[in-house]
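Below is one structure, written out as structure tokens; comments come after it.
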Amino acid sequence: MTEPLLAARDLTVRFGGGPGRRSRREVLALDRASVAVAAGGALGVVGTSGSGKTTLARCLVGLTRPGTGVVRLSGRDVAGLTGAAAREFHRRVQLVPQNWGSALDSRYCVADAIAEPALLHGRTTRRGRNEFVTGLLDLVGLPRSYGVRRPHELSGGQAQRVVIARAVGLDPDVLIADEAVTALDASTRAQIVNLLAELRARLGLALVFISHDLALVAHVASDVVVMHEGAVAEAGPAADVLRRPATAIAAELVAAARTRTEPS
Numbered sequence: 593m594t595e596p597l598l599a600a601r602d603l604t605v606r607f608g609g610g611p612g613r614r615s616r617r618e619v620l621a622l623d624r625a626s627v628a629v630a631a632g633g634a635l636g637v638v639g640t641s642g643s644g645k646t647t648l649a650r651c652l653v654g655l656t657r658p659g660t661g662v663v664r665l666s667g668r669d670v671a672g673l674t675g676a677a678a679r680e681f682h683r684r685v686q687l688v689p690q691n692w693g694s695a696l697d698s699r700y701c702v703a704d705a706i707a708e709p710a711l712l713h714g715r716t717t718r719r720g721r722n723e724f725v726t727g728l729l730d731l732v733g734l735p736r737s738y739g740v741r742r743p744h745e746l747s748g749g750q751a752q753r754v755v756i757a758r759a760v761g762l763d764p765d766v767l768i769a770d771e772a773v774t775a776l777d778a779s780t781r782a783q784i785v786n787l788l789a790e791l792r793a794r795l796g797l798a799l800v801f802i803s804h805d806l807a808l809v810a811h812v813a814s815d816v817v818v819m820h821e822g823a824v825a826e827a828g829p830a831a832d833v834l835r836r837p838a839t840a841i842a843a844e845l846v847a848a849a850r851t852r853t854e855p856s
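For the sequence shown, our numbering begins at 593 and goes up steadily by one.
Structure follows, in structure tokens:
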């Protein structure tokens with residue numbers, strides 16, 4: 593059996609409930625959640641708001657440390673990584689968040705936003721910067737002239753393309769899209785979803801696509817994990833979950849997906 597590229601096993605995360613903060617109820621954000629994606633594979637993670645999807649994404653990219661459980665990249669536990677090994681992990685696993693507004697610094701033009709992380713990680717040089725940036729703008733379908741624009745001069749879809757360009761510019765192995773198209777209109781959403789699928793195929797990326805929309809997840813991913821109250825409620829081939837949901841929460845998500853796709 594092929595070892596997963598990125599795997600999380602029995603992740604548990606609790607928030608709140610600390611000493612001296614009796615007014616804050618402890619929240620179990622993840623409850624022994626396990627997911628895995630193979631090299632070049634596509635995993636969908638779906639659930640309603642508060643199901644633990646974003647906490648899972650943060651654990652996978654190393655932004656949140658689980659109370660229990662382990663995250664492994666290429667079989668190696670990432671919890672103890674330091675120095676160059678930690679930097680390499682953060683290069684190899686990239687996040688595309690929902691809120692591109694917070695992901696892009698208003699002080700930087702598009703070209704700087706794309707180039708600076710790559711320069712820090714040695715993926716390009718000052719001399720090769722312009723060619724590097726234009727190549728990535730071409731890759732994500734943005735005009736080269738957009739390199740001088742600031743984030744406030746971009747539409748939501750354009751800004752998300754910049755975030756994606758910056759992520760793939762680090763030559764990652766895994767791209768984690770956390771509700772990356774939720775705030776976009778329907779036509780732009782479809783374009784970004786198709787772009788992510790194209791980049792996965794072209795660059796050989798593993799993709800973890802997180803959404804509340806099961807139909808959208810099934811369009812991108814071959815396998816799906818359904819989350820509910822921090823736990824994995826159901827997992828299997830996306831087509832099977834759509835056709836024959838085995839749990840109440842999966843059936844609810846299937847019904848919601850069908851409602852969205854029905855003509856009004």
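For glycine and all other residues, C-beta sits at the position ideal for the given N, C-alpha and C.
Residue i versus the options, residue with shortest Cα-Cα distance
i, options, result
"residue 766", "783, 800, 733 and 748", "800"
"residue 666", "636, 724, 600 and 656", "600"
"residue 869", "678, 701 and 716", "The first residue shown for the chain is 593 and the last is 856, placing residue 869 beyond what the model contains."
"residue 631", "851, 846 and 764", "764"
"residue 648", "771, 596 and 780", "771"
"residue 604", "780, 756 and 662", "662"
"residue 602", "620, 624 and 608", "624"
Residue i (DSSP reduced to helix, strand or coil)
i, result
"residue 656", "coil"
"residue 689", "coil"
"residue 670", "coil"
"residue 696", "coil"
"residue 606", "strand"
"residue 737", "helix"
"residue 661", "strand"
"residue 775", "coil"
"residue 856", "For residue 856, the predicted model reports a pLDDT of 38, less than 50, meaning its position is unreliable; a value from the coordinates is still stated below. In this structure, residue 856 counts as coil in the three-state DSSP scheme."
"residue 598", "strand"
Alpha-carbon to alpha-carbon, residue j and residue i
i, j, result
"residue 724", "residue 791", "17 angstroms"
"residue 824", "residue 660", "16 angstroms"
"residue 856", "residue 778", "Note on residue 856: pLDDT 38, under 50, position unreliable in the model; the coordinate value appears next. The alpha-carbon atoms of residue 856 and residue 778 are separated by roughly 14 angstroms."
"residue 715", "residue 679", "13 angstroms"
"residue 704", "residue 835", "45 angstroms"
"residue 820", "residue 707", "38 angstroms"
"residue 685", "residue 768", "7 angstroms"
"residue 829", "residue 815", "4 angstroms"
"residue 826", "residue 720", "47 angstroms"
"residue 784", "residue 730", "14 angstroms"
"residue 596", "residue 629", "6 angstroms"
"residue 598", "residue 606", "22 angstroms"
"residue 673", "residue 851", "45 angstroms"
"residue 641", "residue 803", "9 angstroms"
"residue 775", "residue 750", "13 angstroms"
Exposure label - residue i; buried when at least 16 CB within 10 Å
i, result
"residue 687", "buried"
"residue 747", "exposed"
"residue 618", "exposed"
"residue 566", "In this structure the chain extends from 593 to 856, so residue 566 is not present and cannot be described."
"residue 745", "exposed"
"residue 710", "buried"
"residue 735", "exposed"
"residue 796", "exposed"
Extent of the continuous beta strand (DSSP E) run through residue i
i, result
"residue 723", "Counting along the chain, residue 723 falls outside any beta strand (DSSP E), though it belongs to the alpha helix (DSSP H) covering 721 to 731."
"residue 636", "634 to 638"
"residue 815", "815 to 820"
"residue 828", "823 to 829"
"residue 621", "619 to 629"
Where the alpha helix (DSSP H) containing residue i begins and where it ends
i, result
"residue 709", "702 to 712"
"residue 763", "No alpha helix (DSSP H) contains residue 763, which DSSP labels as neither H nor E."
"residue 787", "778 to 795"
"residue 930", "Here the chain comprises residues numbered 593 to 856, so residue 930 is not present and cannot be evaluated."
"residue 810", "806 to 812"
"residue 715", "First-last for residue 715: undefined, no H or E at that position."
Residue-level contact to chain B via CB, residue i, 8 angstroms cutoff
i, result
"residue 656", "Among the chains in the structure shown there is no chain B, since it carries only a single protein chain."
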